[in-house]
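In the UniProt record's numbering, the protein residues as written are 1 to 191.
Beta carbons: idealized from backbone N, C-alpha and C, even for Gly.
Computed from a predicted structure; not experimentally measured.
Input: a single structure, listed below in structure tokens.
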Ligand code: URA
């Protein structure tokens, strides 16, 4: 397992797949590297590629604002990153071999952050992390415990921008995540 600086260096120099040849910036991750929640998205979009930061475009701003409205702040409470660290052209879904090339970096990030809660944002992250048999509409909001992590999935914030009907279930999922987070914090205070 690499430490943060070494891991960053590997990612920033990575050309294991074609995405590495076309990026403006590698998008490593953001937030609290000791956060108890880790949000994992799919891959950077145009705004992320331009800035080098995850979830800063329209969908990202929606997510950030919604999380703030329930008391979760990027700086303090969570770490956020993606399955793929570089932008696929035209925002297409990453190919399996691109995910496979990048996932060891994500595993290393998880090992460093040591979150209690892992939240997959959207079907791509969910299928990659929780399994190909998971269906976002059917299985979002379900919790599984694996290797000491509490894991769940919810809609990708870009899906909320496209479909108003997903707003309420998305909000419910995020509130449930906050509740789990508060439970962990209370346990730590008590012990
Ligand atoms: N969508 C993602 O999945 N990740 C980002 O960083 C931005 C948009």
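Starting from the Cα of residue i, find the closest Cα among the options and give me that residue.
| i | options | result |
| --- | --- | --- |
| residue 137 | 29, 115, 160, 65 | 160 |
| residue 84 | 67, 90, 78, 103 | 103 |
| residue 66 | 178, 91, 2, 111 | 178 |
| residue 92 | 110, 19, 51 | 19 |
| residue 198 | 1, 53, 135 | Nothing can be reported for residue 198: it is not among the residues displayed for the chain, which extend from 1 to 191. |
| residue 115 | 34, 153, 175 | 34 |
| residue 90 | 9, 5, 49 | 49 |
| residue 135 | 121, 167, 146 | 121 |
| residue 14 | 174, 164, 101, 162 | 101 |
In the DSSP assignment, what residue or residues form a beta bridge with residue i?
| i | result |
| --- | --- |
| residue 149 | 146 |
| residue 118 | 38, 151 |
| residue 30 | 80 |
Along the chain, where does the beta strand (DSSP E) that runs through residue i open and close?
| i | result |
| --- | --- |
| residue 40 | 37 to 41 |
| residue 79 | 78 to 82 |
Please state whether the Cβ-Cβ distance between residue i and residue j is less than 9 angstroms.
| i | j | result |
| --- | --- | --- |
| residue 87 | residue 27 | yes |
| residue 60 | residue 169 | no |
| residue 81 | residue 40 | yes |
| residue 94 | residue 46 | no |
| residue 99 | residue 141 | no |
| residue 113 | residue 38 | yes |
| residue 117 | residue 155 | no |
| residue 79 | residue 32 | yes |
| residue 16 | residue 184 | no |
| residue 119 | residue 153 | yes |
Around the Cβ of residue i, are there at least 16 other Cβ atoms within 10 angstroms (buried) or fewer (exposed)?
| i | result |
| --- | --- |
| residue 76 | exposed |
| residue 132 | exposed |
| residue 70 | exposed |
| residue 73 | exposed |
| residue 107 | exposed |
| residue 182 | exposed |
| residue 68 | exposed |
| residue 30 | buried |
| residue 125 | buried |
| residue 187 | exposed |
| residue 175 | exposed |
| residue 151 | buried |
Could you check where the alpha helix (DSSP H) with residue i kicks off and where it finishes?
| i | result |
| --- | --- |
| residue 110 | 96 to 113 |
| residue 8 | 4 to 12 |
| residue 139 | 136 to 139 |
| residue 194 | Residue coverage of the chain in this structure runs from 1 to 191, which leaves residue 194 outside it and unanswerable. |
| residue 49 | 46 to 51 |
| residue 86 | Residue 86 -> no alpha helix (DSSP H), and no H or E assigned at all. |
| residue 19 | 19 to 22 |
| residue 161 | 157 to 162 |
| residue 126 | 123 to 129 |
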